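>
Residue numbers (our numbering): 20 to 336.
Listed below in structure tokens is the structure:
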């Protein structure tokens, strides 16, 4: 077995449509899969161990939440709370998240029908940016749902999932998918159908008990994100990282600057020492001058005497 055959160096083959079969290792690291596990775990926990919808009631947005600042954390937690009385409430949201967040699609090819992994928002944005976008979409959709429908509550991941689907349509508008598993349509058309259906529901046309406003808010947030960030290759997390870096820089201890001031006493001592050395050298040369005369002095000694003569004349002036 060669090096290229080892498992850690093997890549899964893509088919003609660009899909790749999901790998077990990828699933374990996926933010989407972790979100799905948390949502399903909370739904099962509420149904199996809590009576009267207790846990979901704590996590969900309730009437009056918007006017109670100490309960604003519910705008985030409501995205992880689903109706314990409806399996399809959580199933529909998690299927949408798996399809468009992680890219698991039902494909038809030469080998027949099967589930494959294709383009997805998690890979397109990166895990950190994807998670921040999803959570902010949930918060934004919950706030607008509570603002326009203050007498109603809100729960479920549908606002965040709608945002993921619409962002997918903006990134891949010509991607053809089977609507309801039957009708092949490009993603731009599927996105418009979703928006129009939610707009109709919000205006009173459609089934009751659905947070249509939250869906529209999720779609709107996705559009804003695409226009302000995605098309310019900007990231929300990039701004957070820069802000955090600047924040740390503000509180980072700066090195102390020491200004060196010349000590007058030391300067005077240095000058005095130089004068003493000068006088000592002058005395030595004058002593030799008395013994050997000017002709017996070296060139350097004669120049020193000339310098000393000028120095004393300047002092007298």
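Cβ atoms here follow ideal geometry from the backbone N, Cα and C, with glycine treated the same way.
Being a predicted model, the structure only gives us computed values, none of them experimental.
1) Reducing DSSP to helix, strand and coil, say where residue 82 ends up.
2) To the nearest angstrom, how far is it from the Cα of residue 177 to the Cα of residue 157?
3) From this set, 105, 270, 184, 119, which residue's C-alpha is nearest residue 59's C-alpha?
4) Taking the alpha carbon of residue 146 as the point to measure from, which residue in 232, 51, 219, 189 has its own alpha carbon closest?
5) Mind reading off the beta-carbon distance from residue 184 to residue 76? Whole number of angstroms is fine, and I expect it under 8 Å.
6) What is the DSSP secondary structure of residue 135, counted as helix, strand or coil?
7) Note down, in chain order, each residue of its chain lying with its Cβ closer than 8 Å to the Cβ of residue 254, except the 5 sequence neighbours on either side.
8) Would you be able to state if there are at least three C-beta pairs under 8 Å between the segment 94-103 and the segment 160-168?
9) Leaving out five residues on either side along the sequence, give the residues of the same chain with a beta carbon under 7 Å from the beta carbon of residue 324.
10) Report the option in 126, 88, 238, 326 whose CA atom is closest to the CA atom of residue 152.
11) Would you be able to state if there are at least three C-beta pairs under 8 Å between the segment 208-218 and the segment 116-126?
12) Spatial neighbours of residue 230 within its chain, please: C-beta separation below 6 Å, excluding the five flanking residues on both sides.
13) Could you tell me the boundaries of the alpha helix (DSSP H) in which residue 163 lies?
14) When you compare only the Cα positions, how much space is there between residue 192 and residue 257?
15) Assign residue 203 to buried or exposed, taking buried as 16 or more other Cβ atoms, counted over all protein chains shown, within 10 Å of its Cβ.
16) Rounded to whole angstroms, what is the Cα-Cα separation between residue 41 and residue 87?
17) Alpha carbon to alpha carbon, how far is residue 302 from residue 295?
18) Alpha carbon to alpha carbon, how far is residue 137 from residue 259?
19) Go ahead and pull the three-state DSSP assignment for residue 205.
20) Report the three-state DSSP secondary structure of residue 212 (helix, strand or coil).
21) Taking DSSP as the reference, what is the three-state secondary structure of residue 173?
22) Throw me the rounded Cβ distance for the residue 245 and residue 198 pair, which I believe falls under 8 Å.
23) DSSP three-state label for residue 200, please.
24) So what's residue 87 in DSSP terms, helix, strand or just coil?
25) At the level of alpha carbons, what is the spacing between residue 135 and residue 49?
26) Would you grab the beta carbon distance between residue 338 and residue 175 for me? Rounded to a whole angstrom, and I think it's under 8 Å.
27) Would you mind working out which of 107, 133, 139 sits nearest residue 117, comparing C-alpha positions?
28) Can you pull the DSSP bridge partners for residue 257?
29) Could you check what DSSP says for residue 229 in three-state terms: helix, strand or coil?
30) Using only the alpha-carbon positions, how far apart do residue 216 and residue 234 sit?
31) Round the Cβ separation of residue 313 and residue 321 to the nearest angstrom and send it over; I've been treating them as touching at under 8 Å.
32) Kindly indicate which residue of 318, 243, 319, 331 has the alpha-carbon position closest to the one of residue 344.
33) Could you check the C-alpha separation between residue 326 and residue 297 for me, to the nearest Å?
34) Can you list, in chain order, the residues of its chain whose CB lies under 8 Å from that of residue 80, leaving out five sequence neighbours each side?
Let me lay it out:
1) For the purposes of this step, residue 82 is identified with residue 63 of the chain shown, where counting begins at 1. For residue 82, the three-state secondary structure derived from DSSP is coil.
2) Taking the first residue of the chain shown as 1, we reach residue 177 at position 158. Taking the first residue of the chain shown as 1, we reach residue 157 at position 138. So the two alpha carbons sit approximately 8 Å from each other.
3) Taking the chain shown and counting its residues from 1, one reaches residue 59 at position 40. Checking every option, the nearest Cα to that of residue 59 belongs to 105.
4) Taking the chain shown and counting its residues from 1, the one referred to as residue 146 is at position 127. It is 51.
5) Within the chain shown, residue 184 is the residue found at index 165, counting from 1. Within the chain shown, residue 76 is the residue found at index 57, counting from 1. Contact flag wrong, Cβ pair sits at about 28 Å.
6) Along the chain shown, one-based indexing puts residue 135 at 116. Per DSSP, reduced to three states, the secondary structure at residue 135 is strand.
7) Here residue 254 is taken as the residue at index 235 of the chain shown, counted from 1. Cβ within range, chain order: 144, 145, 148, 248.
8) Contact annotation: the segment 160-168 touches the segment 94-103, with at least three C-beta pairs closer than 8 Å.
9) Position 305 of the chain shown holds residue 324. Only 304 meet the Cβ criterion.
10) As a position in the chain shown, residue 152 is number 133, starting the count at 1. Answer by Cα proximity: 238.
11) no
12) Within the chain shown, the letter at position 211 stands for residue 230. Contacts found: 164, 173.
13) Within the chain shown, numbered from 1, the residue matching residue 163 stands at position 144. Segment 146-167, the alpha helix (DSSP H) holding residue 163.
14) The sequence position of residue 192 within the chain shown is 173, counting from 1. The sequence position of residue 257 within the chain shown is 238, counting from 1. Rounded to whole angstroms, residue 192 to residue 257 spans 26 Å at the Cα level.
15) Taking the chain shown and counting its residues from 1, the one referred to as residue 203 is at position 184. When all chains shown are included, residue 203 counts as exposed.
16) Translated into the one-based positions of the chain shown, residue 41 becomes position 22. Translated into the one-based positions of the chain shown, residue 87 becomes position 68. With a pLDDT of 45 at residue 41, under the threshold of 50, the modelled position of that residue is not reliable, and no figure is offered here.
17) Reading the chain shown from its first residue, position 283 is the one you call residue 302. Reading the chain shown from its first residue, position 276 is the one you call residue 295. Approximately 11 Å between the Cα atoms of the pair.
18) Numbered from its first residue, the chain shown carries residue 137 at position 118. Numbered from its first residue, the chain shown carries residue 259 at position 240. For residue 137 and residue 259, the distance between alpha carbons rounds to 29 Å.
19) The count along the chain shown starts at 1 and reaches residue 205 at position 186. Residue 205 falls in the strand class under three-state DSSP.
20) Here residue 212 corresponds to residue number 193 of the chain shown, with the count starting at 1. Three-state result, residue 212: helix.
21) On the chain shown, residue 173 is found 154 positions in, with the first residue counted as 1. Under the three-state reduction of DSSP output, residue 173 falls in the strand class.
22) Numbered from its first residue, the chain shown carries residue 245 at position 226. Numbered from its first residue, the chain shown carries residue 198 at position 179. At roughly 22 Å, the Cβ-Cβ gap does not stay under 8 Å, so residue 245 and residue 198 are not in contact.
23) Within the chain shown, the letter at position 181 stands for residue 200. Correct three-state label for residue 200: coil.
24) The residue you call residue 87 lines up with position 68 of the chain shown. DSSP, read as helix, strand or coil, puts residue 87 in coil.
25) Translated into the one-based positions of the chain shown, residue 135 becomes position 116. Translated into the one-based positions of the chain shown, residue 49 becomes position 30. Their Cα atoms are separated by approximately 16 Å.
26) Only positions 20 to 336 of the chain appear in the structure, and residue 338 is not among them; the question remains open.
27) Sequence index remark: in the chain shown, residue 117 carries index 98 (1-based). Answer by Cα proximity: 139.
28) The sequence position of residue 257 within the chain shown is 238, counting from 1. BP columns for residue 257 are empty, so no partner.
29) Locating residue 229 in the chain shown gives position 210, counting from the first residue. Correct three-state label for residue 229: coil.
30) Start at 1 with the first residue of the chain shown, and residue 216 comes out as number 197. Start at 1 with the first residue of the chain shown, and residue 234 comes out as number 215. Their backbone Cα atoms lie some 10 Å apart in a straight line.
31) For this step, residue 313 is matched to residue 294 along the chain shown. For this step, residue 321 is matched to residue 302 along the chain shown. That belief holds up - the Cβ atoms of residue 313 and residue 321 are roughly 7 Å apart, short of 8 Å.
32) Residue 344 lies beyond the stretch modelled for the chain, which goes from 20 to 336, so this question has no answer here.
33) Within the chain shown, the letter at position 307 stands for residue 326. Within the chain shown, the letter at position 278 stands for residue 297. Taking the straight line from one Cα to the other gives about 11 Å.
34) In the chain shown, the residue the question calls residue 80 occupies position 61. So the qualifying residues of the chain are 93, 94, 97, 161, 164, 165, 172, 173, 174.
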